[in-house]
Every structure is written in C-alpha cells, then in structure tokens.
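J.:
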Amino acid sequence: MKHTLTALALSLGLTASIPAWADLTSLTPEAPKPSFASMSLTDLQAAAQGGDVRAQFFLATRYKLGQGVPQDMQQAFAWYKKAADQGAAPAQLNIGQMYAQGKGVAQNIDQAKVWFGKAAKQGDNRASYNLALIEERDQNLADAYQWYDLSARDGMLDARIKDKAQGKIRTLAANLSPQDIQDAKNRADRWIQTDDANSTGNSSNK
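Numbering (numbering that gives the first Met the number 0), first residue to last: 0 to 205.
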C-alpha cells in the first residue's frame, strides 16, 4: 500500500494554490494507467465509487476545475476526502487547501493544518511549505522556520519547493536567534520521528 501511495503522489499534480500564501506550481503528471484523466465521466464515476483512489482524485479534480462537468466545489471536496482518507497525499494536500480557502467546505485553518500535516508526513513538501506560510502569516516565525526547514530537506517530493524554502530560511534566519533556529530544527527532527501525522510539532505544542 505504501508503494502504491508513493507512486500516486508522483503521478498526480497539485491542482490549486493558496493565493497570497504560496505560488506553488504543479508537478508534471505522468500518464496514469489506466488514463483516468481521459476516461469517460461514467467510467470514472464507476471506478471512483468502486473505491479506486486514483479515480477518486481525478473525479474530484474534474469537479474542482469544471472539466466535463459543472464546477462543484462541494463534490470536489467530497471526492478528494475519499481519496485522502485512503492515504493519497495529493488529495490530502487539496483537502488542506480547500479548508484554508473555504472552498467546498467552511474555512477552518486548524483542519487545513491537520491535512497539510498528513500530506507532509508522506514527504510532500508542498504541504509543509504551506504550513510554513500559514505560520509566517501569523508571525510565528520560529514555527515557520521549522516547516521551511522540513520543506528543504533531502528526499522531499518537489525540488522547486525545496529551493523556495531555502530562500525563506535565509530570510527568516535574520529575524531569529541562533537558539530559536536550533530549537526549530530540533522540533523538525522530532516531528519526522513521530508517527502522529496530526501533530504539528510547533513551539506551542512542545
């Protein structure tokens, strides 16, 4: 199952960004097999209703973008949620974004953080980068540094986000003490080691 979800994360691209929080670009999706992106709506719905996580993701994306169906953010959220509950990191990322933006669901930043955390736990640094942006927006600079540090580490999904995070780290370092920086790095280390995807590991939760 873990290998399947990893492959899914690599084959599915980011479908939305958070204005004023992140200028994130999508990965170039590899052609899934079967090609859910070009499947008829009837077949895609049948596969999604049958529990296929890729079909659920692509059906959600069609509703979100209005591709071949009337745009319906509530339906998009519902199908992303089904895929997210199966552990699909790209769907978890989209659920986090929809909670953050209040699209298809009532805005809830706490829930956005939960779902970004789940995606980040699978190595999706687009999610950890968004967590960093939320903390930076709220002037929690040490916590933002923690998430940027995680976003820039080796093995993360998107090299472009890694580069952006490194730039943010340099900027924040000018406003933090050496001890603040070391504490943030230590929290990042502990977060990686914990099995609790719902834990933010932020300074307020030490």
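Cβ atoms here follow ideal geometry from the backbone N, Cα and C, with glycine treated the same way. In this text, all values refer to a predicted model and were calculated from it rather than measured experimentally.
If the criterion is Cβ atoms closer than 8 angstroms, does the pair A118 and L149 meet it?
T.: What you label residue 118 is simply residue 119 of the sequence shown in a count that begins at 1. What you label residue 149 is simply residue 150 of the sequence shown in a count that begins at 1. No; because the gap between Cβ atoms is not below 8 angstroms, this pair is not in contact.
J.: Cβ atoms of A90 and A82: under 8 angstroms apart, would you say?
T.: On the sequence shown, residue 82 is found 83 positions in, with the first residue counted as 1. On the sequence shown, residue 90 is found 91 positions in, with the first residue counted as 1. In this structure, A90 lies closer than 8 angstroms to A82 by Cβ.
J.: Taking the alpha carbon of Y144 as the reference point, which residue from K112, D179 and D123 has its own alpha carbon closest?
T.: Against the sequence shown, residue 144 aligns to sequence position 145. Minimum Cα distance to Y144 is reached at D179.
J.: Do you know whose CA, among D123, W146 and T60, lies nearest E134's CA?
T.: As a first step, residue 134 is located in the sequence shown; it is residue number 135 there, counting from the start. Answer by Cα proximity: W146.
J.: Beta carbon of D51: closer than 7 angstroms to some heavy atom of the ligand FMN?
T.: With respect to small molecules bound, the structure shown includes none, and the ligand FMN cannot be examined in it.
J.: By the 10 Å Cβ neighbour count, where 16 or more other Cβ atoms means buried, how is A88 classified, buried or exposed?
T.: Locating residue 88 in the sequence shown gives position 89, counting from the first residue. It is buried - the Cβ of A88 has at least 16 other Cβ atoms within 10 Å.
J.: Could you check what DSSP says for M72 in three-state terms: helix, strand or coil?
T.: Within the sequence shown, residue 72 is the residue found at index 73, counting from 1. Helix, per DSSP.
J.: Of the residues Q74, D51, Q48 and G50, which one's Cα is nearest the Cα of T60?
T.: Taking the first residue of the sequence shown as 1, we reach residue 60 at position 61. Closest by alpha carbon: Q74.
J.: Which residues in the same chain have their Cβ closer than 7 angstroms to the Cβ of Q110, if we skip the five residues on either side of it in sequence?
T.: Position 111 of the sequence shown, counted from the start, is the residue given in the question as residue 110. Counting only Cβ-Cβ distances below 7 angstroms, and skipping sequence neighbours, we find Y98.
J.: Identify which residue in D123, Q96, G65 and V68 has its Cα closest to the Cα of R159.
T.: To locate residue 159, count along the sequence shown from 1; it is residue 160. Among D123, Q96, G65 and V68, the Cα nearest to that of R159 belongs to D123.
J.: Identify whether F115 lies in helix, strand or coil by the three-state DSSP scheme.
T.: Translated into the one-based positions of the sequence shown, residue 115 becomes position 116. Note: F115 maps to helix in three-state DSSP.
J.: What three-state label does DSSP hand S37 in the structure shown?
T.: Within the sequence shown, the letter at position 38 stands for residue 37. The answer is coil: DSSP assigns S37 none of H, G, I, E or B.
J.: What does a CB cutoff of less than 7 angstroms around Q192 pick up in its chain, not counting 5 residues either side in sequence?
T.: Along the sequence shown, one-based indexing puts residue 192 at 193. Taken in chain order, the list of residues that qualify is empty.
J.: Which of the three DSSP states is assigned to M97 in this structure?
T.: Position 98 of the sequence shown, counted from the start, is the residue given in the question as residue 97. Residue state, collapsed to three classes: helix.
J.: Compute the Euclidean distance between the alpha carbons of A164 and N185, then round it to the nearest angstrom.
T.: Here residue 164 refers to the residue found at position 165 when the sequence shown is read from its first residue. Here residue 185 refers to the residue found at position 186 when the sequence shown is read from its first residue. If you take the alpha carbons of A164 and N185, they lie about 17 angstroms apart.
J.: Among A172, L64 and G154, which has the Cα closest to the Cα of G103?
T.: For the purposes of this step, residue 103 is taken as residue 104 along the sequence shown, with counting starting at 1. Residue L64 is the option with its Cα nearest to G103.
J.: Which residues in the same chain have their Cβ closer than 7 angstroms to the Cβ of L57, if we skip the five residues on either side of it in sequence?
T.: Numbered from 1 along the sequence shown, position 58 holds the residue referred to as residue 57. It is worth fixing the name first, because residue 57 is Phe in this sequence and not Leu. Counting only Cβ-Cβ distances below 7 angstroms, and skipping sequence neighbours, we find F35, A36 and L43.
J.: Going by Cα to Cα distance, which pick from R125, Y128 and F76 is closest to Q106?
T.: Here the question's residue 106 lines up with position 107 in the sequence shown. Of the candidates R125, Y128 and F76, the one whose C-alpha sits nearest the C-alpha of Q106 is F76.
J.: Within the continuous alpha helix (DSSP H) that includes V104, where are the two ends?
T.: Counting from one through the sequence shown, the residue named residue 104 turns up at place 105. Where V104 is concerned, there is no enclosing alpha helix (DSSP H), given that its DSSP letter is neither H nor E.
J.: Nearest-angstrom Cα distance between R212 and A47?
T.: It is not possible to answer for residue 212, since the shown part of the chain is limited to 0 through 205.
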